[in-house]
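Visitor: In the working numbering, the protein residues as written are 2 to 368.
Dumping the structure here so I can ask a few things about it.
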Ligand code: SF4
């Protein structure tokens, strides 16, 4: 008897929105607006593959990662994991589901409790999910996990401060692996590490994926970090995806003006090519997600922005070339040189502009 085919897509996000309320008031808070941290994102991650999500700080990529795990409340949209709709899952079932979906955090120092030794850190999740018959069995399980991340077994009795930054991140990876997850969301997994250690941790993630068949959503602000590990790369700007393509295409033929500007900042190791390449300097800061620009959200900084459409119509993410999605009205004209870049005047933030209070929604603690 043949089994039904395993669906290829493990994680499917559709029109995901995460809006945080902005409140003001002395006695009673009233909602005066919303920070649109994630504002309509579609993405799919295939089983056993890596989706690299890149964008500058504040673009909403980390919020998206946490919303996938339901650590932030979802305002609208759908998150399906292995065919199960997570946004409607009761809390107890969601807690059980988190065994299959784990997170690696950016800062291994603050994400590891300094009062717990490594054994306690790694067994916490196993105990919470009732995995392992007794302490001896759990000890053997986490010892094997330590082997897989390249840490010695004597590390079990040590505390996080006794390790280097790279070793602490290996402990963070071991904690995520201990529960035997299928999906790992790695939020800036190497940005707190020295450059010399970054490649080791990226290689480790790559090896673990090959040996354990893991699926990754890797979130980073640095294009170089996701380049070698990703099958597909999505570029995010102000709460939405502006480009998505297989990793090679994004690096060799970026089509969206924002991606082109990001790519132009990545150094090329060949001095001749480095001297000849086009550099696109973006002016101004990322606009506030509480008050995003109308039309194309990138139009206030886009060197290719046109008087027609850009400031009025929000471009949808569309297939500009086979398998290559871009959210730009003029992508074809820019690609063939009919539209050339121009200088963009820097928009200053008005000094009299009031900064609203953003109510922080406390994330639900994952075991
Ligand atoms: Fe630039 Fe206009 Fe394309 Fe937006 S739609 S990226 S503003 S050219």
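Glycine included, every Cβ here is placed at the ideal spot set by N, Cα and C.
1) Going by beta carbon distance, what residues of the same chain come within less than 6 Å of residue 13, once the five residues before and after it are set aside?
2) Which same chain residues end up closer than 6 Å to residue 199 when comparing Cβ atoms and leaving out the 5 residues on each side of it in sequence?
3) Just reading off the alpha helix (DSSP H) that residue 13 is part of, what are its end residues?
4) Does the beta-carbon of residue 28 have 16 or more other beta-carbons within 10 angstroms, so that it is buried, or is it exposed?
5) Quick one: give me the first and last residue of the alpha helix (DSSP H) that residue 225 is part of.
6) Taking DSSP as the reference, what is the three-state secondary structure of residue 162?
7) If you measure from each residue's Cβ to the nearest non-hydrogen atom of the ligand SF4, which ones come out under 5 Å, in chain order?
8) Under 8 Å: do the region 89 to 108 and the region 66 to 73 share three or more Cβ pairs, one atom per stretch?
9) Report yes if the CB atom of residue 183 is closer than 9 Å to the CB atom of residue 222, and no otherwise.
10) Spatial neighbours of residue 157 within its chain, please: C-beta separation below 8 Å, excluding the five flanking residues on both sides.
11) Report yes or no: do three or more beta-carbon pairs, one from the region 203 to 217 and one from the region 44 to 60, lie closer than 8 Å?
12) Do residue 318 and residue 288 have their CB atoms nearer than 9 Å?
13) Measuring only the C-alpha atoms, how far is residue 226 from residue 325?
14) In three-state DSSP terms, what is residue 220?
15) Counting only the same chain and skipping the five closest in sequence on each side, list residues whose C-beta sits under 7 Å from that of residue 9.
16) What are the boundary residues of the beta strand (DSSP E) that residue 245 is part of?
17) Checking 9 Å against the spacing of the C-beta atoms, do residue 290 and residue 38 come in under that value?
18) With a 10 Å radius around its C-beta and 16 neighbouring C-beta atoms as the bar for buried, classify residue 31 as buried or exposed.
19) For a test of the three-state rule: what should DSSP assign to residue 45, helix, strand or coil?
20) By Cβ distance below 6 Å, which residues in the same chain neighbour residue 40 in space, the five residues on each side in sequence not counted?
21) Residue 67 and residue 180: beta carbons closer than 9 Å?
22) What is the residue span of the alpha helix (DSSP H) that residue 148 lies within?
23) Which residue or residues does DSSP assign as beta-bridge partners of residue 31?
24) Less than 6 Å between C-beta atoms, sequence neighbours within five positions excluded: which residues of the same chain meet that for residue 313?
25) Could you tell me the alpha carbon to alpha carbon distance between residue 85 and residue 43, rounded to whole angstroms?
26) Can you give the Cα-Cα distance for residue 306 and residue 161, rounded to whole angstroms?
27) Whole angstroms are fine: how far does the CA of residue 151 sit from the CA of residue 203?
28) Do residue 77 and residue 114 have their CB atoms nearer than 9 Å?
29) How long is the line joining the alpha carbons of residue 170 and residue 251, rounded to whole angstroms?
30) Going by the CB atoms, is the gap between residue 103 and residue 25 shorter than 9 Å?
31) Under the DSSP definition of a beta bridge, which residues are partnered with residue 82?
32) Alpha carbon to alpha carbon, what distance is there between residue 196 and residue 133?
33) Can you check DSSP and say which residues form a bridge with residue 203?
34) Count the other C-beta atoms from every protein chain shown that fall within 10 angstroms of the C-beta of residue 155, then say buried if there are 16 or more, exposed otherwise.
35) Can you name, in chain order, every residue of its own chain whose Cβ lies under 7 Å from the Cβ of residue 1, other than the five neighbours on each side?
36) When you compare the CB positions of residue 62 and residue 237, do they come within less than 9 Å of one another, or not?
Guide: Quick answer:
1) Stepping through the chain shown from its first residue, residue 13 is reached at position 12. These residues qualify, in order along the chain: 45 and 81.
2) Your numbering for residue 199 matches position 198 in the chain shown. Taken in chain order, the residues that qualify are 191.
3) What you label residue 13 is simply residue 12 of the chain shown in a count that begins at 1. Where residue 13 is concerned, there is no enclosing alpha helix (DSSP H), although the beta strand (DSSP E) it sits in stretches over 10 to 25.
4) Residue mapping note: residue 28 aligns to position 27 of the chain shown, counting from 1. Flag for residue 28 reads exposed.
5) Residue numbering aside, residue 225 sits at position 224 when the chain shown is read from its first letter. Element bounds for residue 225: 224 to 228.
6) Along the chain shown, read from residue 1 onward, the residue named residue 162 stands at position 161. DSSP places residue 162 in helix when its eight states are reduced to three.
7) 258, 297, 299, 300, 303, 305, 306, 311, 316, 329, 330 and 331
8) Touching, yes.
9) Reading the chain shown from its first residue, position 182 is the one you call residue 183. Reading the chain shown from its first residue, position 221 is the one you call residue 222. Cβ distance not < 9 Å, so residue 183 and residue 222 don't count as in contact.
10) Mapped onto the chain shown, residue 157 falls at position 156. Answer for residue 157: 118, 119, 120, 123, 140, 143, 144 and 147, listed in chain order.
11) yes
12) Sequence index remark: in the chain shown, residue 318 carries index 317 (1-based). Sequence index remark: in the chain shown, residue 288 carries index 287 (1-based). No, Cβ-Cβ distance for residue 318 and residue 288 is not below 9 Å.
13) By one-based count along the chain shown, residue 226 stands at place 225. By one-based count along the chain shown, residue 325 stands at place 324. Straight-line Cα distance between these residues: approximately 21 Å.
14) As a working mapping, residue 220 is identified with position 219 in the chain shown. Residue state, collapsed to three classes: strand.
15) Position 8 of the chain shown, counted from the first residue, corresponds to residue 9. Scanning its chain for C-beta atoms nearer than 7 Å, with the 5 sequence neighbours on each side dropped, one finds around residue 9 the residues 47 and 48, in chain order.
16) Locating residue 245 in the chain shown gives position 244, counting from the first residue. That run of the beta strand (DSSP E) goes 241 to 247.
17) Taking the chain shown and counting its residues from 1, the one referred to as residue 290 is at position 289. Taking the chain shown and counting its residues from 1, the one referred to as residue 38 is at position 37. In this structure, residue 38 lies closer than 9 Å to residue 290 by Cβ.
18) Counted from its first residue, the chain shown places residue 31 at position 30. It counts as exposed.
19) Indexing the chain shown from 1 puts residue 45 at position 44. Strand.
20) Taking the chain shown and counting its residues from 1, the one referred to as residue 40 is at position 39. Cβ within range, chain order: 18, 240 and 241.
21) Here residue 67 refers to the residue found at position 66 when the chain shown is read from its first residue. Here residue 180 refers to the residue found at position 179 when the chain shown is read from its first residue. No, the Cβ-Cβ distance between residue 67 and residue 180 is not below 9 Å.
22) Taking the chain shown and counting its residues from 1, one reaches residue 148 at position 147. Residue 148 -> alpha helix (DSSP H) spans 136 to 149.
23) Position 30 of the chain shown holds residue 31. DSSP, once it has assigned bridges, lists 25 as partnering residue 31.
24) The residue labelled residue 313 in the question sits at position 312 within the chain shown. Taken in chain order, the residues that qualify are 296.
25) Against the chain shown, residue 85 aligns to sequence position 84. Against the chain shown, residue 43 aligns to sequence position 42. Going from the Cα of residue 85 to the Cα of residue 43 covers about 16 Å.
26) Mapped onto the chain shown, residue 306 falls at position 305. Mapped onto the chain shown, residue 161 falls at position 160. The alpha-carbon separation between residue 306 and residue 161 amounts to approximately 49 Å.
27) Here residue 203 refers to the residue found at position 202 of the chain shown. Here residue 151 refers to the residue found at position 150 of the chain shown. So the two alpha carbons sit approximately 13 Å from each other.
28) Numbered from 1 along the chain shown, position 76 holds the residue referred to as residue 77. Numbered from 1 along the chain shown, position 113 holds the residue referred to as residue 114. No. Outside cutoff.
29) By one-based count along the chain shown, residue 170 stands at place 169. By one-based count along the chain shown, residue 251 stands at place 250. The alpha-carbon atoms of residue 170 and residue 251 are separated by roughly 28 Å.
30) Residue 25 sits at position 24 when you count from the first residue of the chain shown. Residue 103 sits at position 102 when you count from the first residue of the chain shown. No. Outside cutoff.
31) To locate residue 82, count along the chain shown from 1; it is residue 81. For residue 82, which the question treats as bridged, DSSP gives the partners 12 and 85.
32) Taking the chain shown and counting its residues from 1, the one referred to as residue 133 is at position 132. Taking the chain shown and counting its residues from 1, the one referred to as residue 196 is at position 195. Roughly 37 Å separates the two Cα atoms.
33) On the chain shown, residue 203 is found 202 positions in, with the first residue counted as 1. The partner list for residue 203 (beta bridge, DSSP) is empty, contrary to what the question assumes.
34) For the purposes of this step, residue 155 is taken as the residue at position 154 of the chain shown. With fewer than 16 Cβ atoms within 10 Å of its Cβ, residue 155 is classed as exposed.
35) One cannot answer for residue 1 here, as it falls past the ends of the chain, which runs 2 to 368.
36) Indexing the chain shown from 1 puts residue 62 at position 61. Indexing the chain shown from 1 puts residue 237 at position 236. In this structure, residue 237 lies closer than 9 Å to residue 62 by Cβ.
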